[in-house]
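One structure is given below, encoded as structure tokens.
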Amino acid sequence: MTQILDWPRIAVVGAGAVGGYFGGMLARAGAPIVMVGRKSFVDAFTANGLVIERAADQERV
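Written out as structure tokens, the structure is:
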């Protein structure tokens, strides 16, 4: 059964390694996310998208 969630708007302030991971997981689940980070994070995100790397795999969110 597919469940449609009514997500609140979520802002991740300080989207570095940890904030980027959790923001990415929430975005993957369908939540509307706004990420606020340092210029280096924003530049990398703009150039490459958000890539989540785990021990076994890699996922672009």
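For the sequence shown, the numbering used here assigns the number 15 to the initial residue and increments by one for each residue that follows.
A virtual CB, placed ideally from N, CA and C, is assigned to each residue, including glycine.
Given the structure is predicted, the values throughout are model-derived calculations rather than measurements.
When the options are compared against residue i, the one with the closest alpha-carbon
i: ILE66; options: PHE59, VAL75, THR60, GLY30; result: VAL75
i: VAL50; options: GLY28, PRO22, ILE24; result: GLY28
i: PHE59; options: PRO46, ALA31, LEU19, ALA70; result: ALA31
i: ALA43; options: ILE24, ARG68, GLY63, ALA70; result: ILE24
i: VAL26; options: PHE36, ALA69, ASP20; result: PHE36
i: GLN72; options: LYS53, MET39, PRO46; result: MET39
As assigned by DSSP and simplified to three states, the class of residue i
i: VAL75; result: coil
Range covered by the alpha helix (DSSP H) that runs through residue i
i: ALA58; result: 53–62
Would you list, in sequence order, the uninterrupted alpha helix (DSSP H) runs of no fewer than 4 residues that lie entirely inside the region 20–50? Within the region 20–50, the complete alpha helix (DSSP H) runs of at least 4 residues are 31–42.
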